[in-house]
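Asks: Residue numbers (our numbering): 650 to 877. Cβ coordinates follow ideal geometry from the N, Cα and C atoms, glycine included. Just passing along the structure, written as structure tokens.
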């Protein structure tokens with residue numbers, strides 16, 4: 650639950666949501682919109698019946714946050730060449746989502762992060778493994794990954810770019826909305842982005858109300874009974 654105090658939130662829309670999240674890591678902690686992956690996942694479940702979570706993907710640095718539209722890559726863990734293709738297929742402001750067949754070797758590292766940041770990507774989500782964590786943290790390029798290993802594969806380039814990719818129970822398609830924070834990563838299908846964001850805003854408002862009542866000393870049990 651999130652206590653926003655006296656912070657005034659802007660009217661929610663996909664456009665201003667993306668704009669707020671595109672202003673750099675230093676401003677992410679003070680987003681006026683205030684939505685987290687937890688609220689976005691709850692909204693996804695209410696709208697679609699699926700939670701949208703890319704299970705096991707976590708930020709390699711806790712302050713990393715991302716929000717953008719997906720460019721997708723499907724590749725084997727032994728083939729990091731395809732992810733380089735994905736970097737240059739992506740549009741500025743996109744999030745690269747990589748689906749691998751296993752969590753080792755690594756398909757991403759410091760050099761790929763440098764290229765992606767230079768190309769204007771907002772971050773990379775790896776349903777697989779990355780490496781070079783010290784360099785990535787120093788570069789301050791947001792990486793979310795299932796695993797961290799020291800070994801890499803080869804620049805084979807036999808995978809595919811911009812096709813639907815399977816990340817555990819969640820399928821990510823090009824153009825889907827990707828959000829990541831300390832809790833993990835959530836994907837929202839492009840055709841329900843507006844509906845899910847509106848629902849997430851309602852959930853946030855409700856949680857603000859509950860937090861206020863708790864601070865006033867009202868029992869959580871009583872609040873839950875009142876809201877049934």
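(1) Taking 7 Å as the cut-off, decide whether the C-beta atoms of residue 745 and residue 773 are in contact.
(2) Leaving out the 5 sequence neighbours to the left and right, which residues in its chain are closer than 6 Å to residue 676 when beta-carbon positions are compared?
(3) Should residue 840 go down as buried or exposed, given a rule of 16 or more other Cβ atoms within 10 Å for buried?
(4) Assign residue 692 to one of three DSSP states: helix, strand, or coil.
(5) Between the stretch 786-803 and the stretch 744-759, do three or more beta carbon pairs fall short of 8 Å?
(6) Go to residue 815, then tell me how far its alpha helix (DSSP H) extends in each direction, as first and last residue.
(7) Taking the straight line between their C-alpha atoms, what separation do you get for residue 844 and residue 752?
(8) If you draw a straight line from the C-alpha of residue 810 to the C-alpha of residue 735, how long is it?
(9) Tell me whether residue 790 sits in a helix, a strand or coil according to DSSP, three-state version.
(10) Starting from residue 762, trace the alpha helix (DSSP H) both ways and give me its first and last residue.
(11) In chain order, what residues of the same chain have a beta carbon less than 6 Å from the beta carbon of residue 796, not counting five sequence neighbours either side?
(12) Buried or exposed: where does residue 743 fall if 16 or more other Cβ atoms within 10 Å of its Cβ makes it buried?
(13) Return the CA-CA distance between residue 835 and residue 868, expressed in angstroms with no decimal places.
(14) Would a C-beta distance cut-off of 7 Å place residue 854 and residue 686 closer than the cut-off?
(15) Look at the alpha carbon of residue 802 and the alpha carbon of residue 876, and state the distance between them as a whole number of angstroms.
(16) From what residue to what residue does the alpha helix (DSSP H) around residue 736 run?
(17) Looking at C-alpha atoms only, which residue of 739, 706, 711, 786 is the closest neighbour of residue 812?
(18) I'd like to know whether the C-beta atoms of residue 732 and residue 782 end up nearer to each other than 7 Å.
(19) Can you give me the Cβ contacts of residue 695 inside the same chain, cut-off strictly under 6 Å, excluding the 5 residues immediately before and after it?
(20) In the DSSP assignment, what residue or residues form a beta bridge with residue 810?
Replies: Taking the coordinates as given:
(1) As a first step, residue 745 must be located in the chain shown, where it is residue number 96. As a first step, residue 773 must be located in the chain shown, where it is residue number 124. Against a cut-off of 7 Å, the Cβ pair of residue 773 and residue 745 comes out as a contact.
(2) Walking along the chain shown from the start, residue 676 turns up at place 27. Summary for residue 676: the model assigns pLDDT 31, below 50, so the residue's position carries little reliability; its value from the coordinates is reported in the next sentence. Cβ contact annotation for residue 676 (same chain, cutoff 6 Å, sequence separation greater than five): none.
(3) Locating residue 840 in the chain shown gives position 191, counting from the first residue. Answer is exposed; the Cβ neighbour count stays below 16.
(4) As a first step, residue 692 is located in the chain shown; it is residue number 43 there, counting from the start. Residue 692 falls in the helix class under three-state DSSP.
(5) Touching, yes.
(6) Here residue 815 corresponds to residue number 166 of the chain shown, with the count starting at 1. Careful: residue 815 lies outside any alpha helix (DSSP H), inside the beta strand (DSSP E) at 814-816.
(7) Here residue 844 refers to the residue found at position 195 of the chain shown. Here residue 752 refers to the residue found at position 103 of the chain shown. Going from the Cα of residue 844 to the Cα of residue 752 covers about 33 Å.
(8) Here residue 810 corresponds to residue number 161 of the chain shown, with the count starting at 1. Here residue 735 corresponds to residue number 86 of the chain shown, with the count starting at 1. Here the alpha carbon of residue 810 sits roughly 6 Å from the alpha carbon of residue 735.
(9) Position 141 of the chain shown, counted from the first residue, corresponds to residue 790. Three-state DSSP puts residue 790 in coil, outside helix and strand.
(10) If you number the chain shown from 1, residue 762 lands on position 113. Residues 759-768.
(11) Residue 796 sits at position 147 when you count from the first residue of the chain shown. So the qualifying residues of the chain are 752, 778.
(12) Walking along the chain shown from the start, residue 743 turns up at place 94. Burial check for residue 743: the Cβ neighbour count within 10 Å reaches 16 or more, so the residue is buried.
(13) The count along the chain shown starts at 1 and reaches residue 835 at position 186. The count along the chain shown starts at 1 and reaches residue 868 at position 219. Going by the C-alpha atoms only, they are around 31 Å apart.
(14) Along the chain shown, read from residue 1 onward, the residue named residue 854 stands at position 205. Along the chain shown, read from residue 1 onward, the residue named residue 686 stands at position 37. No, these two residues do not count as a Cβ contact at 7 Å.
(15) Counting from 1 along the chain shown, the entry for residue 802 is found at position 153. Counting from 1 along the chain shown, the entry for residue 876 is found at position 227. Distance between the alpha carbons of residue 802 and residue 876: 53 Å.
(16) The count along the chain shown starts at 1 and reaches residue 736 at position 87. Residues 730-738.
(17) Stepping through the chain shown from its first residue, residue 812 is reached at position 163. The shortest Cα separation from residue 812 among 739, 706, 711, 786 belongs to 739.
(18) Residue 732 sits at position 83 when you count from the first residue of the chain shown. Residue 782 sits at position 133 when you count from the first residue of the chain shown. Between residue 732 and residue 782, the C-beta gap is not smaller than 7 Å, which leaves the two residues out of contact.
(19) Position 46 of the chain shown, counted from the first residue, corresponds to residue 695. Excluding sequence neighbours, residue 695 sits near 848.
(20) Reading the chain shown from its first residue, position 161 is the one you call residue 810. BP columns for residue 810 point to 722.
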